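2 protein chains.
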Amino acid sequence: MRAPAARRSYRQYCAIAYGLDFIGERWALLIVRELLLGPKRFKDLFEALPGIASNLLTQRLRDLELAGVVERAVLPPPAGIAVYKLTSLGEELEPVVRAISRWGSHFVTREPRKDESIPPNAYMFALRSTFRPEEAAGLARTFEVQLGERVFGVHIEEGRCTTWEGLPDNPDISITTDVRTFSGLLWHRLKPRQSLARGKLVISGDPADLDLFVRVFTHRLSAGPGQT
Amino acid sequence: MRAPAARRSYRQYCAIAYGLDFIGERWALLIVRELLLGPKRFKDLFEALPGIASNLLTQRLRDLELAGVVERAVLPPPAGIAVYKLTSLGEELEPVVRAISRWGSHFVTREPRKDESIPPNAYMFALRSTFRPEEAAGLARTFEVQLGERVFGVHIEEGRCTTWEGLPDNPDISITTDVRTFSGLLWHRLKPRQSLARGKLVISGDPADLDLFVRVFTHRLSAGPGQT
DNA sequence: CGGCATCCATTTTGATACTG
DNA sequence: CAGTATCAAAATGGATGCCG
Chain A
211 MRAPAARRSY
221 RQYCAIAYGL
231 DFIGERWALL
241 IVRELLLGPK
251 RFKDLFEALP
261 GIASNLLTQR
271 LRDLELAGVV
281 ERAVLPPPAG
291 IAVYKLTSLG
301 EELEPVVRAI
311 SRWGSHFVTR
321 EPRKDESIPP
331 NAYMFALRST
341 FRPEEAAGLA
351 RTFEVQLGER
361 VFGVHIEEGR
371 CTTWEGLPDN
381 PDISITTDVR
391 TFSGLLWHRL
401 KPRQSLARGK
411 LVISGDPADL
421 DLFVRVFTHR
431 LSAGPGQT
Chain B
211 MRAPAARRSY
221 RQYCAIAYGL
231 DFIGERWALL
241 IVRELLLGPK
251 RFKDLFEALP
261 GIASNLLTQR
271 LRDLELAGVV
281 ERAVLPPPAG
291 IAVYKLTSLG
301 EELEPVVRAI
311 SRWGSHFVTR
321 EPRKDESIPP
331 NAYMFALRST
341 FRPEEAAGLA
351 RTFEVQLGER
361 VFGVHIEEGR
371 CTTWEGLPDN
381 PDISITTDVR
391 TFSGLLWHRL
401 KPRQSLARGK
411 LVISGDPADL
421 DLFVRVFTHR
431 LSAGPGQT
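Quick mapping for you: the protein sequence lines, in order, are chains A and B.
To convert, take the position in the first sequence, counting from 1, and add 210; that gives the working numbering.
To convert, take the position in the second sequence, counting from 1, and add 210; that gives the working numbering.
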């Protein structure tokens, strides 16, 4: 951690302005969104953020590193690769990203446009916000979600929900589909049993667990201006 | 409300990216911060945001208006002046601003620098986050806070807190001070009775209500990564 | 004045090419 | 793969001008 990005600070003695000095620059919070699902390599970040220039990604990662939000780490052998991960200060940005996600969901009112990318991580992260503890009361489940090439883990237990990118241990059910279908399920555009029947979605496990997943994670439409 | 600022969108089908398309541009959330305390004229906004160019403020207000976050209004006579105010969609940004404020408070660890402005609205807004309902249980109070030229109202009742810029009705106590002292009180750098004794702060009302104010609104240091 | 619009120097960004 | 280097386009900031 160090003084605000001297490059271009708002120069206001105010927690909001200070925060924005660090994570208000273009792309910064989308990088954080990606890292909230776990450590990522440069390449993964680059591909998850179509439109960013590689030099700009480099610069943002440097800025965030200097800010104490991100750090470089080397995964234990045999992986042994260098990755970027959030520090604990960076993890504390989760409420910020969730609040923006909740507000931004007002604008998710139509099908994706052709020129838009559909970032899987965004959906897996959104699950943390749309999770309804009351629907999952007393239940413990681990889900494996395969979206295209990528695998995610979702675990719910005791009214809590964690999500991450990577293989889960002993999932109760594995759900394989494409991001469009997955997004459709979460936004009420598609129904799980229909998608199953149409082959847009494949599961290994109990279909009732798929229904549970959708029930627990589907978006509340026209949600009020509450917290989170 | 309309499609994301076509000018420069992230083009991701994702609530976070959509949100940032609207309020991720430089200055946008600081404008929202100002308006969260009530309608403001162009001039008030311009003066509250030192460093912004007037044309850029114009453009941001246009963008926010097109986004459905801000609208122009004319105050009822005799004022009859044109102001900018938040729409209900704009009001819903309060959790976003609060989350950033909470995170950014990690960096408020020193005295203000000479080149920093100290925006009164930021502190009055912060009260909404630092408010501790448990300390105010069963109490109802209205405070008038005079910071330099500006007057603010703070009302607490039934575990709720509202703040605004402007004269409150029948305040229980009026607190007059400068922004530095006020900030010092909220951040534990100063004690209310000492500031009173030193003449940095003047009240009309019961000094016990000043103590109450500080107890109810003072910042929790090293707060965990909780919600809000 | 208040509320912008215009002009212009400086930064930032985006796109592409290149390197260890 | 993980970045640098380069360069054109766009955004920003500062000053100044206009107009009721």
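Where a beta carbon is used, it is the ideal one built from N, C-alpha and C, also for glycine.
Predicted, not measured: the structure shown is a model, and the values here were computed from it.
{"query": "Quick test of your reading: residue 296 of chain B and residue 279 of chain B, contact by CB under 8 Å. State the CB separation rounded to the nearest angstrom.", "result": "7 Å"}
{"query": "Between the alpha carbons of residue 372 of chain B and residue 315 of chain B, how many angstroms are there, rounded?", "result": "20 Å"}
{"query": "For chain A, find out if any of its Cβ atoms is closer than 8 Å to the Cβ of residue 424 of chain B; answer yes or no.", "result": "no"}
{"query": "Return the residue from the list B/291, B/298, B/409, B/267 that minimises the CA-CA distance to residue 386 of chain B.", "result": "B/409"}
{"query": "In this structure, does DSSP put residue 230 of chain B in helix, strand or coil?", "result": "helix"}
{"query": "Please list the terminal residues of the continuous beta strand (DSSP E) segment that includes residue 374 of chain B.", "result": "370–375"}
{"query": "Using Cβ-Cβ distances below 7 Å, what residues of the segment 241–272 of chain A are close to chain B?", "result": "243, 261"}
{"query": "On the DSSP letters alone, give me the boundaries of the alpha helix (DSSP H) that residue 282 of chain A sits inside.", "result": "First-last for residue 282 of chain A: 280–284, but that is the beta strand (DSSP E), not the alpha helix (DSSP H)."}
{"query": "Helix, strand or coil for residue 429 of chain A per DSSP?", "result": "coil"}
{"query": "Assuming residue 362 of chain A contacts residue 375 of chain A (C-beta within less than 8 Å), just tell me the rounded distance between them.", "result": "5 Å"}
{"query": "Between the C-alpha atoms of residue 434 of chain B and residue 263 of chain A, what's the straight-line distance to the nearest angstrom?", "result": "For residue 434 of chain B, the predicted structure reports a pLDDT of 45, less than 50, and the residue's modelled location is therefore unreliable. A value from the coordinates is still provided. Residue 434 of chain B and residue 263 of chain A: Cα-Cα distance of roughly 35 Å."}
{"query": "Please report the straight-line C-alpha distance between residue 151 of chain B and residue 400 of chain B, rounded to a whole angstrom.", "result": "Past the boundaries of the shown model lies residue 151 of chain B; chain B is included only from 211 to 438, so the question cannot be answered."}
{"query": "Thinking C-beta only, is residue 383 of chain A closer than 8 Å to residue 420 of chain A?", "result": "yes"}
{"query": "DSSP puts residue 383 of chain A in a beta bridge; with which residues?", "result": "A/353"}
{"query": "For residue 246 of chain B versus residue 335 of chain B, is the C-beta spacing smaller than 8 Å?", "result": "yes"}
{"query": "Can you pull the chain A neighbours of residue 325 of chain B, defined as C-beta to C-beta under 7 Å?", "result": "221"}
{"query": "Just how far apart, CA to CA, sit residue 418 of chain B and residue 347 of chain B?", "result": "16 Å"}
{"query": "Quick one: list the residues of chain A neighbouring residue 398 of chain B, beta-carbon separation under 8 Å, in chain order.", "result": "Within 8 Å Cβ-Cβ: nothing; residue 398 of chain B doesn't reach chain A, min ~14 Å."}
{"query": "So, with DSSP's three-state summary, where would you put residue 220 of chain A?", "result": "coil"}
{"query": "Can you give, in chain order, each stretch of the alpha helix (DSSP H) that sits fully within the segment 384–426 of chain A and has at least 4 residues?", "result": "389–396, 402–407"}
{"query": "Taking DSSP as the reference, what is the three-state secondary structure of residue 362 of chain A?", "result": "strand"}
{"query": "Which of the three DSSP states, helix, strand or coil, is assigned to residue 301 of chain B?", "result": "helix"}
{"query": "Starting from the Cα of residue 358 of chain B, find the closest Cα among B/249, B/429, B/412, B/218 and give me that residue.", "result": "B/412"}
{"query": "Based on DSSP bridge pairs, tell me the residues matched to residue 294 of chain A.", "result": "A/250, A/282"}
{"query": "I'd like to know whether the C-beta atoms of residue 244 of chain A and residue 331 of chain A end up nearer to each other than 8 Å.", "result": "yes"}
{"query": "Is there a C-beta anywhere in chain B that falls below 8 Å from the one on residue 215 of chain A?", "result": "With a pLDDT of only 44 at residue 215 of chain A, under 50, the local geometry of the prediction cannot be trusted, and no value is derived from it."}
{"query": "Residues in the same chain with beta-carbon distance under 7 Å from residue 342 of chain A, minus the five sequence neighbours each way, listed in chain order, please.", "result": "426"}
{"query": "Specify whether the segment 217–227 of chain A and the segment 297–306 of chain A touch according to this definition: at least 3 beta carbon pairs, one from each stretch, less than 8 Å apart.", "result": "no"}
{"query": "In chain order, what residues of the same chain lie with their CB nearer than 6 Å to the CB of residue 352 of chain A, ignoring the 5 residues before and after it?", "result": "365, 378, 381, 382"}
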